[in-house]
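**Q**
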Amino acid sequence: MSIQVETCDVAVIGGGPAGLAAALGARRAGAGKVLLVERERTLGGILNQCVHDGFGLFLYKETISGPEYAERLAEDVVREPIHVETGAMVLDLSADRILRINARAGYKLVEAGAVVLAMGCRERTREMLEIPGTRPAGIFTAGSAQNLVNLQNLKIGREAVILGSGDIGLIMARRLTFEGMAVKGVFEILPWASGLERNVRQCLMDFGIPLELGMTVVEIRGRDRVESVVVAKVDDRLAPVAGTESVIVCDTLLLSVGLIPENELAKRAGVELSPLTGGAVVDETLMTSAPGIFSCGNVLHIHDVADWASFEGFAAGASAARYAAGERPGGGAVRITPGANVKYALPQIVTPGASGIEWSFRVVRPLRNVQIVVKGKATGRIFARKKFARLLPSELQKIKVRAAVDEDLEVACRE
Amino acid sequence: MSDRAPLDRLTCVLCPVGCELTVDTDAAGEIQVQGNQCDKGVPFAVEEVLHPRRNLATSVPVRGGAAIMVSVRLTCPVPREMLFPILAEIAKLRPEAPIGRGQVLIADVLGTGADVIATRTIR
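Chains as they are written, first to last, in my numbering: chain A, 1 to 415; chain B, 1 to 123.
1. For a contact defined as C-beta to C-beta under 9 Å, what are the partners of Glu20(B) on chain A?
2. Under 6 Å Cβ to Cβ from Phe140(A), same chain only, skipping five residues before and after it: list those, please.
3. By the 10 Å Cβ neighbour count, where 16 or more other Cβ atoms means buried, how is Tyr107(A) classified, buried or exposed?
4. With a threshold of 16 other CB atoms inside 10 Å of the CB of Glu264(A), please say whether the residue is buried or exposed.
5. What does Pro61(B) reach in chain A if we use C-beta pairs closer than 8 Å?
6. Between the segment 53-69 of chain A and chain E, which residues of the former have CB atoms less than 7 Å from a CB of the latter, in chain order?
7. Where do the N-terminal and C-terminal ends of the beta strand (DSSP E) with Asp53(A) fall, by residue?
8. With 8 Å set as the bound, which would you pick, yes or no: does the beta-carbon of Val51(A) sit closer than that to a beta-carbon of chain B?
9. List the endpoints of the continuous alpha helix (DSSP H) containing Ser310(A).
10. At which residues does the alpha helix (DSSP H) containing Tyr69(A) begin and terminate?
11. Run through the DSSP bridge pairs and tell me what Trp359(A) is partnered with.
12. If you check the beta carbons only, do Thr288(A) and Val281(A) fall under 8 Å apart?
13. Relative to the C-alpha of Pro291(A), which residue among Gly297(A), Arg328(A) and Trp308(A) is closest?
14. So, does the CB of Leu10(B) fall closer than 8 Å to a CB anywhere in chain A?
15. Could you tell me if the beta carbon of Lys400(A) falls within a distance shorter than 7 Å of some heavy atom in the ligand NAD?
16. I want to see whether chain B comes within less than 8 Å of Gln146(A), judged by CB atoms only; does it?
17. With 16 other CB atoms within 10 Å as the buried threshold, where does Gly180(A) fall?
18. Do Ala95(A) and Ala269(A) come within 8 Å of each other at the CB atom, strictly closer than that value?
19. Check whether chain A comes within 8 Å of Arg54(B), counting only Cβ atoms and requiring the distance to be less than that.
20. Given a limit of 7 Å on CB to CB distance, which residues of the segment 17-47 of chain B reach chain A?
21. Contact defined as beta carbons within less than 8 Å: I believe Gly45(A) pairs with Gly120(A). What is the distance between those atoms, to the nearest angstrom?
22. How far does the beta strand (DSSP E) with Phe140(A) in it extend, from its first residue to its last?
23. For Ser2(B) and Thr22(B), I'd like the C-alpha separation in whole angstroms.
24. At a Cβ threshold of 8 Å, is Ser2(B) touching chain A?
25. DSSP beta-bridge partners for Glu111(A)?
26. Take every Cβ of the segment 196-208 of chain A, pair it with every Cβ of the segment 398-405 of chain A, and state whether three or more of those distances are shorter than 8 Å.
27. Pick out the complete beta strand (DSSP E) segments inside the segment 175-201 of chain A, 3 residues or longer, and give them in chain order.
28. Between which two residues does the beta strand (DSSP E) harbouring Ala232(A) extend?
29. Asp76(A) CB to nearest chain B CB: under 8 Å?
30. Here's a check: name, in chain order, each residue in its chain whose Cβ is nearer than 6 Å to the Cβ of Leu10(B), leaving out the five neighbours to either side.
Structure, rendered in structure tokens:
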């Protein structure tokens, strides 16, 4: 039996907001043969289940729902001579850019001039939190509940408690309220909400759903179905405080406790991952440590706005097209590390002499009236500074350095 | 400055920037807004305090299509107290495929001036 072997200039793995944009970015930068592989039957990724409004403000200059955003971007892709494979799963990726794909027409190999990783992310689960108790039905990650309710017309329960205040959890609090469920509260272990403030207001405050900060679920009870959960206050080290427990009767527990970039394929290709982002370490062209493999969107780092994942996709696709055409980036040698109050800054490496680079960064805790400073580690030279009235861990921010970068940098937040 | 609490503190929901707005009344009783980074913030805050408006999105079962559900939303925000009455109207819908993105499923729902439109294509 002979295995089909195909070639392409740029292969994009994942057809969500980042991958669709990456395929377009590659075409617009001159790539001849672009392949887009999506495991679902339809393009759009997680956008298809995000029926709420608020997408597209930056890309389309109007606010639309997730499915509309996905369709508009997918229409642009379909208009281009991009080869789209839906219902196809990339099983393996090697450092020399050979993809093993389980496609609808069968198993095949694709040799790509350049690869863009755009596989998105997964949700953290109960098992990862190690919540004690029984193992009844009725425990969902917020995104899987969103899929069941919005796409599959299923009623998931009657009375819900939500653990974690990530955006999907907040949006699902409203969604379940619309579906006639009683949402008894959102419990967040940290002293601040993880989701965007506008979601706290529109999804919780509008419906009188309590947001309990500094609290977590310490036990799940119920035999076949969730019957109740036990919540408790936590101390400064986020450990439950004995004696503060209370029981909340509910049949459903939703978890909105963080997202993890889905980098199994990146690992197979030997791509260096950052423990700070969970995604690849990239240079200013969004190239990973594996030459010719680029990364964008939620598989690179978690975004709070789909538009930014798409902008990153356009850039990664364009870089991949240039690589496939034989252009070689200078090779990152300058390292950028996060300083005080900064969780991470991306890109993490930069080619010496590169200028006009914009860094994405996140802070570790809510801050007011602060200055973000990009500083040379050896010389102490200030490359950029920007004032912020307010910075939140939930909000990805950006800072641009106009000057050429020629030494290791630190991105820090001064109070 | 008086030391009483302001009328309301709120986060602007018009875009992901999420400006923190402080709304208060001045000596003449006029509503004053602070903290907005763009000029949309002032009318938003005034409306948000006096008469909040919201958009609404949900999904409804489809008959005869490739997908089980079609997602829908309103073409413009409506008074917040209209959300549940509108949801009840939307719940009566059983649209038949094919459905085009942007297709009006209920025009001027409950006289609010907003249309309920499909937000995806169902073939």
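Cβ coordinates follow ideal geometry from the N, Cα and C atoms, glycine included.
**A** Let me spell this out:
1. Glu197, Ala389 and Arg390
2. Leu254
3. exposed
4. exposed
5. Asn153
6. Any reference to chain E falls outside this structure, whose protein chains are A and B.
7. Asp53 to Phe55
8. yes
9. Ala306 to Ala324
10. Gly66 to Arg79
11. Ile399(A)
12. yes
13. Arg328(A)
14. yes
15. Inclusion of the ligand NAD in the displayed structure is not the case, the ligand content being empty and no account of it being possible.
16. no
17. exposed
18. yes
19. yes
20. Gly18 and Glu20
21. 6 Å
22. Ile139 to Thr141
23. The predicted position of Ser2(B) is uncertain, since its pLDDT is 47 and thus under 50; a value taken from the coordinates is nonetheless stated next. Using only the alpha carbons, I get a separation of about 14 Å.
24. At Ser2(B), the pLDDT of 47 sits below 50, so the modelled position is not reliable and the matter cannot be decided from this model.
25. Thr7(A) and Ile98(A)
26. no
27. 182-188
28. Ser228 to Lys233
29. no
30. Leu21 and Glu48
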